[in-house]
Every structure is written in C-alpha cells, then in structure tokens.
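To start, the structure itself, in structure tokens.
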Amino acid sequence: MKYIPRVLPLLLLLAACQTRQKPAETTATPAAPGTIDSALYAPDVAPLTDSIKMFPTASSLYYRRGLALFNTQPALALADLEKATSLNPRIADFPAAAGEAAINNSLYPKAIGYFRQALHISPNDYYLKYRLALALIENKQYTSADSAITELARDEHSRDKAGYLRARVAEEQKDTAMAIQYLTEAILAAGKNPQFDAVMELGDLLSAQHNPKAISYYKQAAQLDPTSGDPMMAAGDFYQAQKNYAAAVEAYKQCILTDAEYTNAYFALGDIARLQGQWKQGVTYYSMAARTHPTSADAYFLRGACEEKLGNSAAAKEDYRKALSFKKSFPEAQAALDRLHG
C-alpha cells in the first residue's frame, strides 16, 4: 500500500512488507552544510525556500518543502515536516507526513509519536493505524503492535492490512509457515487490489521453499505493477534454480520487455547462454549488460570470456582490460589477460 491519502504523491514510498536493516536511531543523520544549501536551492525547491524566508511561520510552506525533499534529502524533509507540525499541530496531514519521514530516516520511536499525534486528530483513519502498527513492528514493540493490528482486523476495509502486518511479525520471529499463511489470507481478503510488495513477498517465501506456487504470485505481481521488472526477474530466478532454463529465459525476456534497463536480466540470460555453450548469445547479452551498466567490470569480463571461447582473442583482451579499468583488484580478469598474452 502506498501513501498518503489527501496529500501529494511524493510520500507514496513505504510499503508494509519493506524490511529495514538499520537500527533505530534518535536523530536523523544531518546533511553537510554545502549539501543543505544545494538541496534547498534546487530548482524545484528554491521557490519554497525563498517563500519561507518571507513567511517564516507559514506551516504549509514547510510542509510542501518537506514533501519536495522527501525522496532526496530525508533528514531535511523530516526537519521541515516537524517544523510544519510544530507551527500547526491541528492538521493531521502534518504529523502523518512527519511520521513517514521519520520512518524514512529509521527513527521509529519518533514515527510512533507522530502517527499517534495524527490519530488523535483523525481517530478513524485506518491507514494511520496501519502505519502506526508498522512503526511499532519496526521498533520491535510487538505487544503494542498486536493491539493495533487487532483493531485493524475488525474493519473490513483494513482487514488485509492486518494480515500483512501479522505476516511481517511472523517473519521477524522466523515463523515462515505463519508468514505464508497470513500473507495468503491477506491477499485473498484484498480481492483485486492486494499490495504489490505483499504479493512479491509471498512469492519470495514460497520460492525459498522451492514451491512452484511462487510463480502464480510473481505473475499476479506483474499484473499489479506492469512497469516493474522485478516479478518476472524473480520468476526467472526460480526457474533457473529448478534448472528449467527454457522457462527462465522466457521470464527474463519478459522482464526486459517490461524494463529494458534491467541489467541483472541480461546477466542472467548471459549466464544461461554460457552454461549451454552459446558463446555468441553470451556476447550479445553481456554487451547489453554493459550498455545498461557501463562501469560493470563483470559485464566486460564475462563478455571477454565468451569472446575468448569464440577465438576472438583481440576482443577478449580488450574486454579484460576494460574489466580491470573498472575493478583494479580483479584476479580472474588479470589471469585471463595474462593467459592470452602467454
């Protein structure tokens, strides 16, 4: 589920099944002074910065600038959204957005406080309850989170969200079987509109168990977000692990049709081509990997290996040199180059 209702789409970032590895902190990591100046005077932000200088107590200006900075400057965004909340604490969107920014900075206790503040203003907002429960889970306050989840489960409009969150808790507690059960039930409860990330997560959990049901969820995820190459990339990886190379190739190609810049799909196709001794195809796929990721030492090294198999020593040498130019410590590339120099 993307967020926030009633506000600009710049906050549509944080999904319920997203896993964060950073430990909770008490303050956001500050940006360097030069970075702050450049961020506040970026073309889409500078007019708001100038307006704030003229109207330093206008809460809406801090709010709008916080949204504009949300993706690129999380610490600055949080500071602005906190300022908006302090100037006008009666508008629920302000602490709600500050809560999202706090999560974006891995400041979960702070996020909990802001979501509770927003819920005090808007007590029937089920999505705020959902985000509060997620923040509690991130902060490992499982008992409090369970109470919030139970409340969500009572409302038919948020029952699927409760399932996602229960699955998240189960994963945190290493109970994969229950996580799969909760996600399956939640996705069914959501009908035609389950969360993309929840469907992908269920696919991944099933894939880790070598369960072919994973594929149906990856396909469902691909329908939910036709612009994402992730589902078919994951499907290809599942097929490849099962040594079903024909199906893997088809899935990777579908990934590329969705996102022509998906570098890992080209690598995967190249790897299958090498495995099957199809060196010309390997050259083609690794060339595409290099095109989409021009500084990838691996792309040049693997293309060089295919060129060497084809007897194209000059092309292979050039690729090995390129690989070494992007990765100075690359023993395999150096050994291959030395071998050709013989």
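Residues 1 to 342 in full-length UniProt numbering are what the sequence shown lists, from first letter to last.
In this text, a Cβ means the ideal position worked out from N, Cα and C, and glycines have one as well.
Below 8 Å on the Cβ atoms is my guess for residue 299 versus residue 305; work out the distance and round it to an integer in Å.
-> Actually they are not in contact, since the Cβ atoms of residue 299 and residue 305 sit about 11 Å apart, beyond 8 Å.
Option nearest residue 137 by Cα separation, candidates 123, 128, 112, 119 = 112
What separation, rounded to the nearest whole angstrom, lies between the Cα atoms of residue 281 and residue 256?
-> 16 Å
Can residue 58 and residue 95 be called in contact, C-beta distance under 9 Å?
-> no
Do you know how far the Cα of residue 47 is from the Cα of residue 134?
-> 34 Å
By DSSP, does residue 230 sit in helix, in strand, or in coil?
-> helix
Validate contact between the stretch 192-203 and the stretch 221-234 using beta carbons, cut 8 Å, 3 pairs | yes
Mind checking which residues open and close the alpha helix (DSSP H) that includes residue 110?
-> 108-121
Between 74, 108, 104, 61, which lies nearest to residue 85 when the distance is taken from Cα to Cα?
-> 61
State the start and end residues of the unbroken alpha helix (DSSP H) segment that holds residue 169.
-> Segment 159-172, the alpha helix (DSSP H) holding residue 169.
So residue 261 is in the alpha helix (DSSP H); what residue range does that whole segment cover?
-> Here residue 261 belongs to no alpha helix (DSSP H), and DSSP marks it neither H nor E.
Please check the pair residue 297 and residue 253, which I expect to be a contact at CB under 8 Å, by giving their CB distance rounded to whole angstroms.
-> A Cβ-Cβ distance of about 25 Å is found for the pair residue 297 and residue 253, leaving them out of contact under the 8 Å criterion.
In whole angstroms, what separates the C-alpha of residue 284 from that of residue 320?
-> 16 Å
Could you tell me which of 176, 162, 215, 212 sits nearest to residue 194, measuring between CA atoms?
-> 162
If you follow the alpha helix (DSSP H) that residue 219 is part of, which residue opens it and which one closes it?
-> 213-224
Contacting residues, own chain, Cβ-Cβ under 7 Å from residue 124 (five flanking each side not counted) = none
Residue interval of the alpha helix (DSSP H) (run including residue 283) = 279-292
Can you tell which of 335, 73, 88, 237 has the C-alpha that lies nearest to the C-alpha of residue 56?
-> Ranking 335, 73, 88, 237 by Cα distance to residue 56 puts 88 first.
Return the CA-CA distance between residue 322 and residue 301, expressed in angstroms with no decimal places.
-> In a straight line, the C-alpha of residue 322 is about 8 Å away from that of residue 301.
Do the stretch 170-181 and the stretch 149-157 make contact, defined as three or more Cβ pairs closer than 8 Å?
-> no
Ignore the nearest five residues each way along the sequence and tell me which others in residue 340's own chain have a CB closer than 8 Å to its CB.
-> 308, 313, 316, 317, 320
Starting from the C-beta of residue 191, find all residues in its chain whose C-beta is less than 6 Å away, skip the five residues before and the five after it, and write them out in chain order.
-> none
Starting from the C-beta of residue 231, find all residues in its chain whose C-beta is less than 6 Å away, skip the five residues before and the five after it, and write them out in chain order.
-> 218, 221, 222.
May I have the straight-line CA-CA distance separating residue 333 from residue 265, to the nearest angstrom?
-> 22 Å
Under a three-way DSSP split, which group does residue 156 fall into?
-> coil
Whole-angstrom Cβ separation of residue 44 and residue 77, contact assumed at under 8 Å?
-> In this structure, residue 44 and residue 77 do not form a Cβ contact; the two beta carbons are roughly 13 Å apart against a cut-off of 8 Å.
Between residue 178 and residue 324, what straight-line distance do the alpha-carbon atoms span, to the nearest angstrom?
-> If you take the alpha carbons of residue 178 and residue 324, they lie about 47 Å apart.
Secondary structure at residue 199, three-state DSSP: helix, strand or coil?
-> It is helical.
Is residue 210 helix, strand or coil when you go by DSSP?
-> coil
Leaving out the 5 sequence neighbours to the left and right, which residues in its chain are closer than 6 Å to residue 98 when beta-carbon positions are compared?
-> 81, 82, 85, 114
Those runs of the alpha helix (DSSP H) which lie wholly inside the stretch 49-79 and span at least 4 residues | 59-69
Would you identify the three-state DSSP class for residue 268, choosing helix, strand or coil?
-> helix
Buried or exposed (CB count within 10 angstroms, at least 16 for buried), residue 240 = Classification of residue 240: buried, given that the 10 Å Cβ count is 16 or more.
Beta-carbon contacts of residue 24 that lie in its chain and below 8 Å, excluding the five residues immediately before and after = Annotation note: pLDDT 42 at residue 24 (below 50); position unreliable, no value reported.
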